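Contents: one structure, followed by commentary.
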Amino acid sequence: MADSKKNITGKLLGKQKETISEKLLGKAKEDPVKKLLYKPKNGFDRLSAADEKAMNAYCEDYKRFLDHGKTERLCVDYCVELAEKKGFRAYESGMKLKAGDKVYCNNRGKGIMLAVIGSESLAAGANIGTAHTDSPRLDLKPRTLYEEAEMAFFKTHHYGGIRKYQWVTIPLALHGVVTLADGGTVAVHIGEEDGEPQFIINDLLPHLGKEQGKKPLNEAIPSESLNILIGSRPYGGEDDKDRFKLGVLKLLNEKYGITEEDFISAELEAVPAGKARDTGFDRSFISAYGHDDRVCAYAELAGIFDAKKPKKTAVCIFADKEEIGSEGVSGMLSEAFEWFMGELCRAQGVELRECFAHSFCVSADVTAAYDPNFADVYDKKNAAFVNYGVGFCKYTGSGGKSGASDASAELVGKLRKLCNDNNVFWQMAELGKTDAGGGGTVAKYMAKRNIDTIDAGVPVLSMHAPRETVAKLDCYMTYRMMRAVFEQA
Ligand code: MN
Ligand code: MN
């Protein structure tokens, strides 16, 4: 059976003869000198059947996380739901905590921190995982609603680095909250469920796109043309003013109690509609909106849930606002983190700065996966490849490492050893060629707190696009790394 299978595979590839010589090579004894060389291996050549099964189960849960978490607020809601099922309790100031206790702190519904109290004192430091759950999207402007040519539109202001041409003519859903004149807040979610209407941004037809087509990619679709089509059914008679705006407002008022002024105190986000999907005949990829950085957040969440009796206190932080610079009260620069960690330290009579000085942090954020369609922007020897495992980024930044945290040799060595000891597949990753561009993460903000920090995360294809693609194997290995960090670092 095994032989005939091999023959068929050989026939498919037109390589029947090679099979025999390959067999011979496989039997040759390994040359000890060759061990001196570093040769990364594709994860599928090392993955056990048991791991493959666990990987597939993990990725089903991850897809569910993505489908529940289309915005940072929805991610927090779903994290709370999952955490409570795992025995985590909402932290309250002054709470007595002992080893093994599990708590979370909801930062204004937009960020969340979780901790499992270790058996060792926080004076010995914590093992920290950071990730961000905000993703690039289109926010509605405060004065968003207008009508033109007898159609109603929402004006948008994009959030994070997007390639604007990718956001036209794709189905959009709307999620968020609106605080009404009376101070009450209503949630809005529309466009994800079967049968619900969706929204769209128009693009020019090719027949009239001759001049537009000559423009550079980044200029063909200007920000101010990213206006979302939301209706065309008028309210009132032919002579009434604003009747297309009113047609939309009437519906919104009936459903949510919203008036036009309420948009001023709203956070409404237009995101690509639709669910995460297996991708490829072999289902080895997942395509979805928001892998950056929910793929690492979920790896940390599952890692802290599954960590067995951590010696050091394990902490997860899912920050908001990473895509726009980590500022703001829910961003990683906020002292909300000091508040939470300070509380945990106070319960043990430990100084926060003592804890930080001895802590270890993995800033888990995605990196670019090598894409042969755009080979010229990558340094192939230092790029991350799909299915080679979690990518360690010693440094991010741009040009001459500008803005990078640049983890020390010792720190890279620590994570490398931890992964090797736990059979976690990993690789080194640089975002691209030195002068091709660049990017950053929250690593530098953790390092600024006197916490040893290293970047590591899942390689992503089409990063920041409405649908990004990751390999399941890399998602699973990132979870395995985070679990090892929480259990053993
Ligand atoms: Mn990003
Ligand atoms: Mn990111």
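The sequence shown begins at 97 in our numbering and counts up one residue at a time. All C-beta atoms, glycine included, are put in the ideal place defined by N, C-alpha and C. It should be emphasised that the depicted structure is a prediction, and the values quoted were computed from it without experimental measurement.
Residue i CB to nearest heavy atom of ligand 2 below 8 angstroms
i      : result
Val566 : no
His254 : no
Asp461 : yes
Thr574 : no
Asp388 : yes
His271 : no
His164 : no
His228 : yes
Distance cut-off 8 angstroms: residue i Cβ against heavy atoms of ligand 1
i      : result
Glu419 : yes
Asp402 : no
Pro562 : no
Ser422 : no
Met559 : yes
Pro70  : Since the first and last residues shown for the chain are 97 and 585, residue 70 lies out of range.
Gly535 : yes
Gly553 : no
Gly257 : yes
Neighbourhood of residue i by C-beta distance below 6 angstroms, restricted to the same chain and skipping five residues each side
i      : result
Cys441 : Leu218, Leu448 and Cys451
Asp235 : His253, Tyr255 and Glu365
Met97  : Caution is warranted here: a pLDDT of 44 is assigned to Met97, below 50, making its placement in the model unreliable, and the coordinate value is therefore given only provisionally. No residues qualify anywhere along the chain.
Leu348 : Ile354
Lys540 : Ser501
Ala503 : Lys490 and Ile550
Ala525 : Thr463, Ala480, Gly487 and Cys489
Delimiting residues of the alpha helix (DSSP H) encompassing residue i
i      : result
Met590 : The structure shown does not extend to residue 590, since the chain spans only 97 to 585, so no value can be given for it.
Lys408 : Note, Lys408: premise wrong, no alpha helix (DSSP H); not H, not E.
Ala510 : For the record, residue 510 in the displayed sequence is Lys; it is not Ala. First-last of the alpha helix (DSSP H) with Lys510: Ala505 to Asp517.
Met437 : Ala432 to Ala443
Asp235 : Not the alpha helix (DSSP H): Asp235 falls in the beta strand (DSSP E), residues Arg233 to Glu244.
Tyr352 : Arg339 to Tyr352
Asn314 : Leu313 to Ala316
Close-in-space but distant-in-sequence residues of the same chain around residue i (CB under 7 angstroms, 5 per side omitted)
i      : result
Ala245 : none
Asn138 : Asn483 and Tyr484
Thr42  : This structure cannot speak to residue 42, because the chain is shown only from 97 to 585.
Phe295 : Leu268, Leu270, Gly287, Ile324, Leu325, Ile326 and Ala366
Pro238 : Phe359 and Ile360
Asp517 : none
Asp420 : The identity of residue 420 in the sequence shown is Ile, whereas the question assumes Asp. Same-chain partners within the cutoff: Tyr255 and Gly256.
Leu322 : Leu234, Thr252, His254, Lys260, Trp263 and Ile297
Continuous beta strand (DSSP E) stretch holding residue i: start and end
i      : result
Met524 : Trp522 to Met524
Ala552 : Asp548 to Gly553
Thr275 : Leu268 to Thr275
Ala283 : Thr281 to Ile286
Gly225 : Asn223 to His228
Phe488 : Val486 to Cys489
Phe452 : No beta strand (DSSP E) holds Phe452; the alpha helix (DSSP H) holding it covers Leu448 to Ala453.
Thr565 : Glu564 to Ala567
Met247 : Met247 to Tyr255
Asp374 : Arg373 to Thr375
Phe381 : Phe381 to Ala384
Val482 : Element bounds for Val482: n/a, residue is neither H nor E.
Met209 : Gly207 to Val212
Tyr200 : Lys198 to Asn203
Leu162 : Note, Leu162: premise wrong, no beta strand (DSSP E); alpha helix (DSSP H) at Ala145 to His164.
Ala362 : Ala362 to Pro368
Leu178 : Taken as a continuous stretch (DSSP letters only), Leu178 belongs to no beta strand (DSSP E), being part of the alpha helix (DSSP H) at Glu168 to Lys181.
Best match in the options for proximity to residue i [C-alpha to C-alpha]
i      : options                           : result
Asp467 : Gly528, Ala505, Ser430 and Met209 : Gly528
Met428 : Ser380, Lys206 and Asp141         : Lys206
Leu162 : Glu350, Met524 and Val391         : Val391
Tyr575 : Leu143, Tyr158, Phe140 and Ala145 : Tyr158
Tyr154 : Asp570, Gln584 and Val344         : Asp570
Phe488 : Ala464, Ala471 and Gly496         : Ala464
Pro293 : Val344, Gln262, Leu193 and Glu180 : Val344
Gln262 : Asp338, Lys135 and Tyr385         : Tyr385
Asn298 : Phe470, Trp435, Arg512 and Met247 : Met247
Ala453 : Gly257, Val446, Asp548 and His303 : Asp548
Gly196 : Lys407, Gln523 and Leu304         : Lys407
Ala369 : Met573, Arg233, Arg329 and Leu210 : Arg233
Asn223 : Gly190, Gly305, Lys405 and Arg142 : Lys405
Lys351 : Ala403, Ala283, Trp522 and Cys201 : Ala283
Glu148 : Lys198, Leu301, Met577 and Met573 : Met573
Asp475 : Phe521, Thr530 and Val520         : Thr530
Lys623 : Gly499, Thr240 and Asp230         : The structure shown does not extend to residue 623, since the chain spans only 97 to 585, so no value can be given for it.
Same chain only: Cβ atoms within 8 angstroms of residue i, ignoring 5 sequence neighbours per side
i      : result
Gly533 : Val473, Ser494 and Leu527
Gly333 : Arg339
Asp99  : For Asp99, the predicted model reports a pLDDT of 49, less than 50, meaning its position is unreliable; a value from the coordinates is still stated below. Closer than 8 angstroms at Cβ, skipping near neighbours: no residue.
Thr281 : Val273, Val274 and Thr275
Phe582 : Val212, Asn223, Gly225, Gly399, Ile400, Ala403, Pro406 and Ala410
Val556 : His387, Asp388, Val391, Val462, Thr463, Ala464, Ala465, Glu564, Thr565 and Val566
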